[in-house]
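See below for the structure under consideration.
In the working numbering, the protein residues as written are 1 to 114.
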């Protein structure tokens with residue numbers, strides 16, 4: 001768990017996870033603080049709450065700061081691949097897309113595969 005400060009790698013003792021949220025005014029990245037100390041249901045509720053604040057234009061600056069890692073998803077829009085852009089000073093981002101079945105040749109026949 002780290003971020004960049006210029007050329008320096010800063011190791012952090014907390015896990016704050018950002019997620020991309022589409023709003024009428026563009027993309028923002030709300031941050032779920034101390035995600036490692038929360039359960040799935042609590043994270044889901046907080047994510048919903050932050051996304052609503054973002055859509056309503058009521059997200060505060062401190063609710064978009066301190067992220068260590070972000071998640072961006074185009075799956076809900078039907079996107080099957082994209083290259084997400086790292087939200088500096090974070091060091092990584094994960095892009096999630098919609099999965100779909102397609103025929104893949106296994107050397108003998110076509111078989112459905114994700």
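Glycine included, C-beta positions come from ideal geometry on N, C-alpha and C.
Backbone CA spacing between residue i and residue j [nearest angstrom]
i: residue 102; j: residue 73; result: 21 Å
i: residue 53; j: residue 59; result: 5 Å
i: residue 16; j: residue 69; result: 7 Å
i: residue 55; j: residue 20; result: 12 Å
i: residue 42; j: residue 76; result: 21 Å
i: residue 92; j: residue 106; result: 33 Å
i: residue 2; j: residue 95; result: 19 Å
i: residue 89; j: residue 35; result: 18 Å
Residue i burial status per 10 Å Cβ neighbour count (16 or more: buried)
i: residue 10; result: exposed
i: residue 87; result: buried
i: residue 6; result: exposed
Whole-Å CB distance - residue i paired with residue j, under 8 Å assumed
i: residue 78; j: residue 31; result: Between residue 31 and residue 78 the Cβ distance is about 26 Å, and since that is not below 8 Å, they are no contact.
Beta-carbon proximity list for residue i, same chain, < 8 Å, skipping 5 on both sides
i: residue 46; result: 32 and 38
>> Please give the ranges of any beta strand (DSSP E) in the region 10-50, keeping only runs that are unbroken, at least 3 residues long and fully inside the region.
In response: 17-19, 21-23 and 26-28
>> At 3 residues or longer, what runs of the beta strand (DSSP E) sit wholly inside the region 60-85?
In response: 69-73
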